[in-house]
Amino acid sequence: MKLVETGFKLRFMLTFCIITITAVSMASLLFYFLTYRELSHDYGEAFFTLQSVKRAIFPLLFASIQSITLLTVVSIAIAVISLFFSHKIAGPLYRFEQSMEAVGSGDLTCVVRLRAGDQFMRLENTMCTSINSMNQRVTGMNDVLLRFKAIEERLKTVIEMDPQQKELKELTEDLRSELTELKRIMATIKMEW
Numbered sequence: 805m806k807l808v809e810t811g812f813k814l815r816f817m818l819t820f821c822i823i824t825i826t827a828v829s830m831a832s833l834l835f836y837f838l839t840y841r842e843l844s845h846d847y848g849e850a851f852f853t854l855q856s857v858k859r860a861i862f863p864l865l866f867a868s869i870q871s872i873t874l875l876t877v878v879s880i881a882i883a884v885i886s887l888f889f890s891h892k893i894a895g896p897l898y899r900f901e902q903s904m905e906a907v908g909s910g911d912l913t914c915v916v917r918l919r920a921g922d923q924f925m926r927l928e929n930t931m932c933t934s935i936n937s938m939n940q941r942v943t944g945m946n947d948v949l950l951r952f953k954a955i956e957e958r959l960k961t962v963i964e965m966d967p968q969q970k971e972l973k974e975l976t977e978d979l980r981s982e983l984t985e986l987k988r989i990m991a992t993i994k995m996e997w
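Going by the numbering used here, 982 is the number at position 178 of the sequence shown; the sequence numbering is gapless.
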């Protein structure tokens, strides 16, 4: 599963376009209501009403065309800028996702690296510190495992010298069982040595 879906950019652009279309529609409705005039039943009065609407509409229409052109240019500029900045966020999220998948699969050697200028630089440092800390702890567990192995060998030697000690045999078997489980767990984790 990806954190940053491929449809994210499309949804982002679609949202922006819907906002733009809504703004243009509202401006058009406002233009309509500002220029709406009722015509009278008399031809002369209707003519004068149309003339006054014409005088009011032409400046508004010219301003509307300029506004729509400006809105289109600004929309394109914002779309390009938002695409650029979405990469500054989507790129790091993708790298974080890859790193967390590696850690989840047991690889504690991965290092998170971001490009200069990317967002989430503090999170990069935190993740690297966390992964390094886990690596150190698991290395400590591995050291304990090696010491257990040495104890097991010493117990075997003691039992071979005096085979009558049944309790030592049971302890050795318990220790061997625990060591087998610890080895199984440790085998699933990749570490730097």
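For glycine and all other residues, C-beta sits at the position ideal for the given N, C-alpha and C.
On a predicted model such as this, the values are computed, not experimentally measured, just so you know.
Asked: Asp846 - DSSP class collapsed to helix/strand/coil; Found: coil
Asked: DSSP-derived helix/strand/coil call for Asp966; Found: coil
Asked: Cβ-based neighbour list, Ile882, same chain, cut-off 8 Å, excluding 5 preceding and 5 following; Found: Phe820
Asked: C-beta contact flag for Asp911 and Lys987 at 7 Å; Found: no
Asked: Sheet register partners of Asp911 (DSSP bridge); Found: Lys994
Asked: Whether Gln776 touches Ile885 by CB criterion (7 Å); Found: Since the displayed the chain opens at 805 and closes at 997, residue 776 lies outside it and no answer follows.
Asked: Own chain partners of Met931 with C-beta closer than 7 Å, once the 5 adjacent residues on each side are dropped; Found: Phe900, Ser903, Val916
Asked: As assigned by DSSP and simplified to three states, the class of Arg1024; Found: A query on residue 1024 cannot be resolved here, the shown segment of the chain reaching from 805 to 997 and no further.
Asked: Among Ala831, Met965, Arg926, Asp947, nearest to Ile869 - alpha-carbon criterion; Found: Ala831
Asked: Among Thr824, Gly908, Met925, Phe851, the one whose alpha carbon lies nearest that of Val877; Found: Thr824
Asked: The region 944-962 / the region 970-990 touching (three or more Cβ pairs under 8 Å); Found: yes
Asked: As assigned by DSSP and simplified to three states, the class of Gln923; Found: coil
Asked: CB-CB length for Ile935 against Val907, believed under 8 Å; Found: 6 Å
Asked: CB of Leu979 within 7 Å of CB of Glu964, strictly; Found: no
Asked: Option in Arg941, Leu897, Gly944 with minimal Cα separation from Arg926; Found: Leu897
Asked: Test item: CB-CB of Glu928 and Leu918 under 7 Å; Found: yes
Asked: Beta-carbon gap between Thr976 and Leu959 smaller than 7 Å; Found: yes
Asked: Own chain, CB closer than 7 Å to Val808, minus 5 neighbours either side, in chain order; Found: Model confidence at Val808 stands at a pLDDT of 48, short of 50, so the residue's coordinates are unreliable; what they give is reported in the following sentence. Around Val808: Ala894, Leu897, Tyr898.
Asked: Rounded Cβ spacing between Ser890 and Phe816 (contact assumed at less than 8 Å); Found: 6 Å
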